[in-house]
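Participant: Have a look at this one.
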Amino acid sequence: MKFLSRRLVKPDHLNPANTLFGGQLLSWLDEEAAIFAACQMKSDRHVTKIIAEINFITPARAGDVLEFGFELISVGHSSIAVRAMVRNKVSQLPVVTVEKLVFVHVNEKGLPAPHGMRAAAA
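Numbering follows the UniProt record's numbering, with no gaps: position 64 of the sequence shown is 64.
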């Protein structure tokens, strides 16, 4: 798994328990994973289809730096599947894992279209 980007947890990202809002983390994760998918497919037009098996493991707090890691797990005709992990940069503890995110390359009408990758590329 390659850890490619980082985010700083700020006080305005916290919930009433003073830990990172899960929705904020998922928003960042979807954005970072979409960038990773774009780089794999060389696509500027793709959508998130599936985010499956989200496992929140340890909380993140204000001041924590989170690292986002991704791994390509499969390639379809118009889609790719990615595994993700977000970890605390200092402790290296996982904050959240996502077993599968699927992104679909779409044409100008928003319909699935071949992305041009070959299955052997995975």
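C-beta atoms are modelled at their ideal positions from N, C-alpha and C, and glycine is treated no differently. The model shown is predicted, which means the values in this text are computed figures rather than measured ones.
(1) With DSSP as the reference, identify every bridge partner of residue 13, one or two as the case may be.
(2) With distances taken Cα to Cα, identify the nearest neighbour of residue 36 among 108, 85, 95, 112.
(3) So, at 7 Å on beta carbons, what are the nonlocal neighbours of residue 8 in its own chain, with the 5 sequence-adjacent residues on each side left out?
(4) Name the two residues that bound the continuous beta strand (DSSP E) containing residue 57.
(5) Use the C-beta contact count for residue 121: other C-beta atoms within 10 angstroms, 16 or more gives buried, fewer gives exposed.
(6) If the criterion is Cβ atoms closer than 8 Å, does the pair residue 33 and residue 70 meet it?
(7) Just the Cα atoms here: how many angstroms apart are residue 26 and residue 11?
Facilitator: Taking the geometry as given:
(1) Residue 13 pairs with nothing; no bridge assigned.
(2) 85
(3) 65
(4) Careful: residue 57 lies outside any beta strand (DSSP E) and carries neither H nor E.
(5) Residue placement at residue 121 is poorly supported in this model, since its pLDDT is 42, which falls under 50; the coordinates are not used for a value here.
(6) yes
(7) 17 Å
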